[in-house]
Amino acid sequence: MRQLRTLNDLSITEINYLLTQAEKPIAPLNGFYTAANLFFEASTRTKYSFEMAEAKLGIHKFDFAAQASSLEKGESLYDTLKTFESFGTDLLVIRHPQARYYQELEGLNIPIINAGDGAGDHPTQSLLDLLTMKQEFGTLLGLHVVIAGDILHSRVANTNAKILEQLGARVSYAGPAEWMPPHISAKQLLTMDEAVKQADVMMMLRIQTERHDGKAFWSKQSYHNRFGLTEEREQKMLPHAIIMHPAPVNRGVELADSLVEAERSRIFKQVQNGVLVRQSVLKYLLETKGAKRYENIV
Amino acid sequence: MRQLRTLNDLSITEINYLLTQAEKPIAPLNGFYTAANLFFEASTRTKYSFEMAEAKLGIHKFDFAAQASSLEKGESLYDTLKTFESFGTDLLVIRHPQARYYQELEGLNIPIINAGDGAGDHPTQSLLDLLTMKQEFGTLLGLHVVIAGDILHSRVANTNAKILEQLGARVSYAGPAEWMPPHISAKQLLTMDEAVKQADVMMMLRIQTERHDGKAFWSKQSYHNRFGLTEEREQKMLPHAIIMHPAPVNRGVELADSLVEAERSRIFKQVQNGVLVRQSVLKYLLETKGAKRYENIV
Amino acid sequence: MRQLRTLNDLSITEINYLLTQAEKPIAPLNGFYTAANLFFEASTRTKYSFEMAEAKLGIHKFDFAAQASSLEKGESLYDTLKTFESFGTDLLVIRHPQARYYQELEGLNIPIINAGDGAGDHPTQSLLDLLTMKQEFGTLLGLHVVIAGDILHSRVANTNAKILEQLGARVSYAGPAEWMPPHISAKQLLTMDEAVKQADVMMMLRIQTERHDGKAFWSKQSYHNRFGLTEEREQKMLPHAIIMHPAPVNRGVELADSLVEAERSRIFKQVQNGVLVRQSVLKYLLETKGAKRYENIV
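Protein chains in written order, with numbering that gives the first Met the number 0: chain D, 0 to 297; chain S, 0 to 297; chain U, 0 to 297.
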């Protein structure tokens with residue numbers, strides 16, 4: 000593995016390895032490693048969780064600020080990243096609004112971890128979601144996961160659905176018909192009232208208002224009533240069922256304010272797991288790439 | 000102590016302990032600690048002095064950039080900070096324009112150091128002011144401190160006055176009547192010409208133009224003549240008396256340009272002491288909170 | 000040496016020492032050192048290459064963000080830097096749009112490395128250029144270097160020309176007559192077609208559009224045809240000749256897109272060498288200044 004652009008860059012064996020490693024105690028890497036974190040979109044969870052993972056592994060991070068860089072002078076993304084490669088940077092972590100931005104970076108000789116490409120993928124988010132379910136249920140085999148909300152604009156919905164099914168889970172969907180991609184079949188569609196009674200995992204998605212071109216479909220309250228996880232619906236969930244959400248949560252819209260820190264919510268557990276899977280991915284990528292090591296520097 | 004929101008979170012014993020520790024040689028902490036520095040207002044002294052203190056203690060810092068975070072997507076301050084808590088961050092350092100911003104953060108389970116809350120408090124500034132006077136005079140008992148200038152908008156004037164009196168100093172005030180809070184009695188008020196002849200410490204305050212809603216009361220020159228520490232007034236100060244100012248100084252307004260680095264000025268000594276007291280506070284807060292330690296990481 | 004404002008702060012012996020040291024294996028410094036990086040202009044190469052050099056030497060860096068600092072409250076550059084001096088910072092790295100900004104900083108007692116002052120100097124860029132030529136040819140003696148393009152607005156053209164001649168190279172120039180400084184003699188001027196046939200080094204300069212007050216002289220295509228290194232011209236270069244450019248390159252303007260990563264291009268090698276010479280300069284400056292060391296911290 001030289002890249003983690005989408006989950007397709009990983010075999011099922013590798014995914015299992017990364018999840019297993021994520022829960023083991025972590026020690027700093029031997030040698031001097033550097034990662035450049037390049038976030039071209041706003042981020043709290045992903046950005047700082049990569050930073051935390053890097054810090055724990057003893058990886059020196061470069062915090063790239065696009066607006067104060069030569070991108071301002073018209074330099075291309077490729078030339079900017081080639082510059083980091085020339086510095087001897089060991090790894091790039093990139094979030095970019097353009098889907099599949101990595102396709103124009105094929106000339107680089109440095110591993111990239113995709114930290115989100117527009118409405119494309121977000122593989123470490125998928126891994127942390129898997130880890131959270133694995134911790135909870137031991138296995139994904141036979142698990143019923145309902146993905147609910149803004150499926151169309153979500154960069155994890157499709158990736159998660161695919162890998163969940165590969166790992167033996169059953170995936171259903173709930174949410175506005177307008178936000179359902181064409182490949183979803185009628186029998187996979189549930190109303191929210193049906194969903195809460197059957198799901199082991201209610202995987203709520205964020206309404207990606209920043210990707211809707213300013214078009215509002217529902218008022219917050221009417222969305223919440225029709226498609227949200229209300230307090231009433233939560234009461235009908237199976238006793239062992241859990242609530243997940245990639246966050247940031249639009250409180251009172253996707254789910255009731257009071258449910259964010261409810262007993263069955265794993266929302267902040269997901270954040271915690273984000274650090275673990277990113278450690279695991281960083282370590283694996285650096286160890287398997289035959290990365291330059293500056294053995295004389297520790 | 001789990002928080003340092005105002006000096007009221009500290010007993011007099013703790014204040015003395017922190018000041019004593021501040022002057023002792025410092026070594027990096029054992030274990031892996033992280034602090035998130037969240038500055039929602041412009042800052043040079045406070046921000047980088049916390050960074051320096053953290054660096055010397057070997058604490059890994061997160062430099063939170065609000066404008067590139069999920070706050071942009073409407074996430075609340077509480078959810079943002081809960082996210083840092085979930086990462087396993089050991090401590091938060093926060094400057095925020097809203098007075099008592101910390102009141103809405105009571106659900107967090109992570110210590111906060113208040114690095115300034117609007118026109119509210121700024122406890123580490125007060126501590127560095129105390130350290131500077133203690134270094135100079137050995138004790139605060141019997142010291143005559145004149146606080147001069149924009150008392151009303153200053154976040155340290157009131158805190159400093161209270162603690163100085165508790166520690167046995169006498170506090171007087173000088174400055175425009177419009178900027179005197181109602182609780183100040185007539186006998187505590189001095190003209191600048193009276194003040195300079197009596198004070199052991201002339202504690203000049205910064206004119207907080209950014210909190211005045213654009214209303215200018217005086218021209219710079221007329222303010223300087225009436226309420227500033229002019230070269231003429233400095234000549235009338237007691238031989239041992241010192242000049243303090245939290246900085247940044249409006250040179251030629253609160254005090255004459257030539258006095259900023261005058262022999263009796265302790266303005267850059269205060270900056271130096273800021274690093275020392277922040278080291279002391281960070282160390283104390285981490286050691287007494289039973290903070291998570293990642294013993295396998297050093 | 001306490002400062003590196005221009006190459007004039009270095010003797011020829013020191014320059015040779017710095018270039019020799021640059022190629023030796025590097026180890027982290029003993030002791031706790033801090034550098035404040037203050038970039039008041041956009042930068043990718045220089046900024047992050049200093050960061051990389053600092054990281055490898057184990058120097059803790061402060062990443063100063065002007066727009067979130069007290070400069071916003073009207074504080075002067077001098078007072079801002081005096082503040083960093085008071086923190087105990089060991090070294091300042093400064094890029095500033097104002098030529099000779101360092102002249103107003105003479106009261107400081109802390110070493111400055113100039114990382115670019117407007118259209119003034121950029122000494123570490125000159126050093127990395129020298130290192131690149133020294134690596135290639137062993138010596139600069141007798142080398143024919145053609146500096147081509149926007150000589151007038153370049154902060155390295157004049158510095159490089161002077162030091163190259165001191166080290167025994169012959170310097171010629173090519174480019175628009177409007178961009179030739181008056182001190183260049185007619186016999187030093189070549190057309191691009193003459194230049195490519197004679198040069199050992201084609202040192203292409205960036206068109207500093209950001210310093211041209213919006214005046215465009217040529218279309219990109221016509222500039223490229225008349226003054227650029229086209230694919231046709233590259234074919235006429237001497238077999239051993241190399242192409243240099245400080246970057247970012249305006250691809251298709253100063254040189255053909257396909258030449259940026261051509262075999263004879265040293266453009267990304269220059270980036271790599273930038274890290275090496277900056278390590279060398281940082282180490283030398285810290286070791287020779289009798290810098291404060293906090294021996295108890297490692």
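Just so it is clear, CB atoms sit at the ideal spot from N, CA and C, and this is done for glycine as well.
Measure from the alpha carbon of residue i to the alpha carbon of each residue in the options, then state which is nearest.
i, options, result
"U/D128", "U/A255, U/P110, U/A246", "U/A246"
"D/L76", "D/K196, D/H182, D/I93, D/G87", "D/I93"
"U/R154", "U/L56, U/H182, U/L104, U/S125", "U/S125"
"U/K268", "D/L254, D/E105, D/F86", "D/F86"
"S/G103", "S/L237, S/D78, S/Q20", "Checking the sequence, you will find Glu at residue 103 of chain S rather than Gly. It is S/D78."
"U/A198", "U/Q220, U/A147, U/K81", "U/A147"
"U/S218", "U/A240, U/K60, U/V252, U/P238", "U/V252"
"S/S184", "S/M236, S/A168, S/D192, S/A173", "S/A173"
Kindly indicate if chain S contains any beta-carbon less than 8 Å away from that of residue i.
i, result
"D/Q20", "no"
"U/D302", "There is no way to answer for residue 302 of chain U, as the model of chain U reaches only from 0 to 297."
"U/D89", "no"
"U/G49", "What sits at residue 49 of chain U in the sequence shown is Phe, not Gly. Cβ-Cβ to chain S under 8 Å: no for U/F49."
"D/V92", "no"
Between residue i and residue j, what straight-line distance do the alpha-carbon atoms span, to the nearest angstrom?
i, j, result
"S/Q271", "S/L284", "21 Å"
"D/L56", "D/V274", "11 Å"
"S/R265", "S/G117", "25 Å"
"U/S171", "U/Q234", "20 Å"
"S/N15", "S/A160", "17 Å"
"D/T45", "D/N113", "11 Å"
"U/G289", "U/L3", "At U/G289 the pLDDT is 47, less than 50, meaning the model places this residue with poor confidence and gives no usable figure here."
"S/P27", "S/I58", "8 Å"
"S/Q220", "S/E231", "14 Å"
"U/T33", "U/L140", "38 Å"
"D/K291", "D/D89", "Because D/K291 carries a pLDDT of 39, less than 50, the predicted location of this residue cannot be relied on, and no value is offered for it."
"S/E22", "S/T138", "15 Å"
"D/P110", "U/R263", "26 Å"
"D/V195", "S/F83", "30 Å"
"D/H143", "S/L80", "32 Å"
"S/T287", "S/V280", "11 Å"
"S/H239", "S/M201", "11 Å"
"U/Q66", "S/Q207", "18 Å"
"U/Y293", "S/A54", "With a pLDDT of 36 at U/Y293, under the threshold of 50, the predicted position of this residue should be treated as unreliable, though the coordinate-derived value follows. C-alpha separation (whole angstroms): 12 Å."
For residue i, which residues in chain D fall below 7 Å Cβ to Cβ?
i, result
"S/K81", "F267"
Any beta-carbon of chain U closer than 8 Å to the one on residue i?
i, result
"D/F38", "no"
"S/S279", "no"
"S/Q220", "no"
"S/R44", "yes"
"D/A67", "yes"
"S/Q134", "no"
"S/V252", "no"
"S/V274", "yes"
"D/D78", "yes"
"D/R292", "Any reading at D/R292 must be qualified, since the residue scores a pLDDT of 36, below 50, and its modelled position is unreliable; the value itself is stated next. Chain U contact via Cβ: absent."
Are any of the Cβ atoms in chain D nearer than 8 Å to that of residue i?
i, result
"U/Q97", "no"
"U/I296", "Reliability fails at U/I296, whose pLDDT of 29 lies under 50, so the model's placement of it is uncertain and no value is given."
"S/L285", "no"
"S/D120", "no"
"S/D199", "no"
Since I believe residue j is in contact with residue i (beta carbons under 8 Å), could you give me their beta-carbon distance rounded to a whole number of angstroms?
i, j, result
"S/F136", "S/P175", "Going by Cβ atoms, the distance from S/F136 to S/P175 rounds to 28 Å, so no, they are not a contact pair."
"D/V156", "D/I162", "For the sequence presented, residue 156 of chain D should be read as Ala rather than Val. Wrong, their Cβ atoms sit about 11 Å apart, outside the cutoff."
"U/F49", "U/R250", "In fact, because the Cβ distance is near 25 Å, the residues do not count as touching under 8 Å."
"S/M203", "S/I242", "7 Å"
"S/T229", "S/T5", "The pair is not a contact, with the Cβ atoms about 34 Å apart (cut-off 8 Å)."
"S/A41", "U/S68", "6 Å"
Check the Cβ of residue i against every Cβ in chain S and list those closer than 8 Å, keeping chain order.
i, result
"D/Y32", "Result: empty, since nearest Cβ-Cβ is about 15 Å, beyond 8 Å."
Along chain U, in chain order, which residues have C-beta atoms closer than 7 Å to that of residue i?
i, result
"S/V270", "T82, S85, F86"
What residues of chain S sit near residue i, judged by a beta carbon separation below 7 Å?
i, result
"D/A54", "T33, H59"
Contact criterion: CB-CB distance below 8 Å. Does residue i meet it with respect to chain C?
i, result
"D/D256", "Going by chain labels, chain C is absent from the structure shown, which instead holds the protein chains D, S and U."
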